[in-house]
Amino acid sequence: METAWWQPADRATKAALWEASSICAALAGVVAMLSASLVFVVYFAFPDRRSSWRQLVLMLAVCDFLHGYFYAVAGTSALAWPDAETSTSCRVHGVIGMWSGCASFLWMAALTSYIAIFLRLGEPTKALQYSVDSRVAVLLVAICFGYPTITISGILLAGVPLDEDDGPNDHYGCFIDSKFCASRLLAIYGPLWLSILVTVGCSVSIWCKLSTFINTTSRPLQHNMRSLRAKLLMIPIGFVLLRLPETVYRLLEYRTILSTGCGIATNTTQDEEKSFEDSLFGSVLSAVQAITNPSQGVLTSIIFVWSSPAYRERLWQRAPCCVTRALQARRNRDGCCDWCGGGQPELADRLIHTDRPPSDGQATSQASSRSSHSDRQHDVQGASALPLRDGARHKTDEVQSDHVLTAPGDDRASVVPVLESRTSDGNRSSFRELAS
């Protein structure tokens with residue numbers, strides 16, 4: 001016997017949920033766009049903080065921006081497409097929603113897989129410095145952006161109708177007709193479910209690997225490693241939680257359309273095909289998606305920007321000065337105001353997270369020290385030869401880098417895995433800096 005949740009919702013309830021979800025979709029979409037824009041600004045304004053992890057999150061922010069745009073337009077337009085099947089704006093809007101959603105799923109799977117594979121390749125008792133090869137970056141872009149482009153283009157070229165039956169309740173506009181199960185599976189269902197499985201599996205792997213490593217490290221560095229572990233897992237866990245309503249909705253929706261033969265059976269009616277969408281439970285899940293789906297962009301921005309002390313300091317204290325100087329056209333030769341640190345900081349300054357630019361004397365001392373110790377600045381030796389914060393001199397025999405850990409009962413140095421990538425100017429950015 002069906003409960004009230006599975007019974008068709010009355011017209012007043014559906015109208016109320018529809019109006020509420022439209023407002024929530026518009027607000028959440030606008031906030032998601034602003035949040036993704038902040039990620040863009042921070043990433044390109046502070047090149048000294050770039051890393052492989054942040055490069056992948058930047059790609060995810062691109063999808064978050066488009067997904068936020070999709071929901072913002074859907075909410076503000078009240079979803080009133082006069083003739084959905086022939087409306088060009090509706091079709092374009094639907095393509096943006098499907099493409100950004102599919103790409104977002106794939107990039108999240110790529111992000112967690114990349115971190116998990118790196119940690120599995122890294123031995124805690126060895127110095128590991130891993131640079132992301134340009135071919136790997138091209139491969140990720142080809143998969144995560146190329147797959148939705150090819151799939152959706154093929155669907156359109158094949159003449160698959162969008163919104164032929166006045167549109168489903170879940171997608172806020174044009175969507176693939178329910179009679180074309182394979183197209184839906186390739187464009188939305190498959191990437192979503194695969195991404196959830198990969199993200200959960202890789203998150204568990206990351207947690208286990210870092211937890212094991214934390215238990216074998218020295219006590220002073222355990223707090224930093226726990227902070228790093230939390231930051232690496234917040235985005236994947238948030239993605240799973242925020243996409244859970246959509247995952248449940250798609251599973252039940254796909255089960256419904258499969259039970260009707262994907263609309264092929266002649267003895268099924270349109271009401272039977274849309275029974276789940278019209279139920280109270282389906283209407284509530286549809287309304288919840290209007291908040292949770294675009295909120296992924298907000299979560300990404302919070303973790304990417306506001307969880308970093310260096311970013312917070314620069315945004316709250318240095319950004320007003322930078323804006324003022326930019327308006328006054330007082331820039332240095334690197335094109336950025338002096339207080340923002342227009343020049344690229346040295347690798348050592350980035351690894352010890354010194355946000356203040358060194359003085360002239362300090363810069364001279366650091367340059368001379370690096371030239372005299374160039375043969376030692378590789379892997380662990382390079383990490384242990386970092387300059388002190390006072391910039392006076394190196395104390396290689398007295399100071400141990402945060403990257404070098406001594407395991408209990410082991411005379412060898414146990415090194416925190418370092419994931420780094422080279423920026424356009426050849427500098428390296430450390431994976432270890434994520435904990436700051």
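Residue numbers for the sequence shown follow full-length UniProt numbering, beginning at 1 and rising by one.
Beta carbons: idealized from backbone N, C-alpha and C, even for Gly.
In this text the structure is predicted, and so the values were computed from the model without any measurement.
* Asked: Roughly how many whole angstroms lie between the Cα atoms of S51 and L228?
  -> Each residue's alpha carbon lies about 14 Å from the other.
* W99 (DSSP reduced to helix, strand or coil) -> DSSP, read as helix, strand or coil, puts W99 in helix.
* **Segment contact flag, the stretch 178–196 with the stretch 86–95, C-beta cutoff 8 Å, min 3 pairs** => By the C-beta criterion, the stretch 178–196 is judged not to be in contact with the stretch 86–95, since fewer than 3 inter-stretch pairs fall below 8 Å.
* To do: Please classify S227: does DSSP put it in a helix, a strand, or coil?
  => The answer is helix: DSSP assigns S227 an H, G or I state.
* Would you report the Cα separation of F431 and P47, rounded to the nearest angstrom? -> Residue confidence is low: F431 scores 41 on pLDDT, short of 50, so the model does not pin down where it sits. Its coordinate-derived value is still stated next. For F431 and P47, the distance between alpha carbons rounds to 14 Å.
* To do: Under 8 Å by Cβ, that's how I've got T214 and R226 pegged, so tell me the actual separation to the nearest angstrom.
  => The identity of residue 214 in the sequence shown is Ile, whereas the question assumes Thr. The Cβ separation is near 6 Å, so the contact holds.
* Selection from V305, I152, F105, L119 that minimises the alpha carbon distance to E246 -> Among V305, I152, F105, L119, the Cα nearest to that of E246 is on F105.
* Counting Cβ pairs closer than 8 Å, one from the stretch 12–25 and one from the stretch 103–117, do we hit at least three? -> Contact between the stretch 12–25 and the stretch 103–117 is not established, with fewer than three Cβ pairs separated by less than 8 Å.
* Proximity test, L242 beta-carbon vs the ligand SAH heavy atom, cut-off 7 Å -> This structure lacks the ligand SAH; in fact it carries no ligand of any kind.
* **Close Cβ partners of Q289 (< 6 Å) along its chain, the five nearest in sequence each way excluded** => So the list reads P245, E246, once near-sequence residues are dropped.
* Asked: I176 bridges to which residues according to DSSP?
  -> Looking at the DSSP assignment, I176 forms a beta bridge with L162.
* **Closest Cα partner of R314 within the set A16, L38, A12** => If you compare the alpha carbons of A16, L38, A12 with that of R314, the shortest gap goes to L38.
* For L192 versus R250, is the C-beta distance shorter than 8 Å? -> In this structure, L192 lies near R250, with their beta-carbon atoms less than 8 Å apart.
* Asked: From I302 to S218, what does the alpha carbon distance come to, in whole angstroms?
  -> If you take the alpha carbons of I302 and S218, they lie about 30 Å apart.
* **Bounding residues of the alpha helix (DSSP H) (the contiguous stretch that carries P148)** => From DSSP, the alpha helix (DSSP H) with P148 extends over 146–157.
* Candidates C63, T212, I176: closest to I257 by CA position -> Ranking the options by Cα distance to I257, first place goes to I176.
* Would you tell me roughly how many angstroms separate the C-alpha atoms of Y147 and W99, rounded to the nearest one? => Straight-line spacing of the CA atoms in Y147 and W99 works out to 9 Å.
* When you compare only the Cα positions, how much space is there between V30 and L60? -> The straight-line gap from Cα to Cα measures roughly 17 Å.
* **For residue 451, the first and last residue of its enclosing alpha helix (DSSP H)** => What the structure shows of the chain is the stretch from 1 to 436, and residue 451 is not part of that stretch, so it cannot be assessed.
* Asked: Quick one: Cα of T112 to Cα of T199, how far?
  -> Cα-Cα distance, rounded: 6 Å.
* N- and C-terminal bounds of the alpha helix (DSSP H) containing R49 -> In the DSSP annotation of this structure, R49 is not part of any alpha helix (DSSP H), being labelled neither H nor E.
* To do: Following the continuous alpha helix (DSSP H) through A310, name the residue where it begins and the one where it ends.
  => Its alpha helix (DSSP H) spans residues 309–313.
* Cβ-based burial, C102 [other Cβ within 10 Å; buried from 16] -> Result: buried.
* What is the DSSP secondary structure of S218, reduced to helix, strand or coil? -> Three-state result, S218: coil.
* Asked: For T76, which of A137, A28, R120, R54 has the nearest alpha-carbon?
  -> When only C-alpha atoms are compared, the closest one is A28.
* Going by beta carbon distance, what residues of the same chain come within less than 6 Å of L299, once the five residues before and after it are set aside? -> Listed in chain order, the non-local C-beta contacts of L299 below 6 Å within the same chain comprise G238, local neighbours out to five positions each way being set aside.
* Asked: With 16 as the cutoff for other CB atoms within 10 Å, does I150 come out buried or exposed?
  -> Taking a 10 Å sphere around the C-beta of I150, we find fewer than 16 other C-beta atoms and assign the residue as exposed.
* Asked: How should V141 be labelled, buried or exposed, when 16 other C-beta atoms within 10 angstroms of its C-beta is the threshold for buried?
  -> Result: exposed.
* Taking the CB atoms as reference points, tell me whether residue 457 and A36 lie closer together than 8 Å. => No answer is possible for residue 457: the residues shown for the chain start at 1 and end at 436.
* Nearest residue (CA-CA) to L232, options R11, Q296, V57, C144 -> Closest option to L232, Cα to Cα, is V57.
* **Proximity of L121 and L210 at Cβ, strictly below 8 Å** => No, they are not a contact pair.
* Asked: Less than 8 Å separating the beta-carbons of M33 and A74?
  -> Inclusion of M33 and A74 in the CB contact set at 8 Å is not warranted, their separation being larger than that value.
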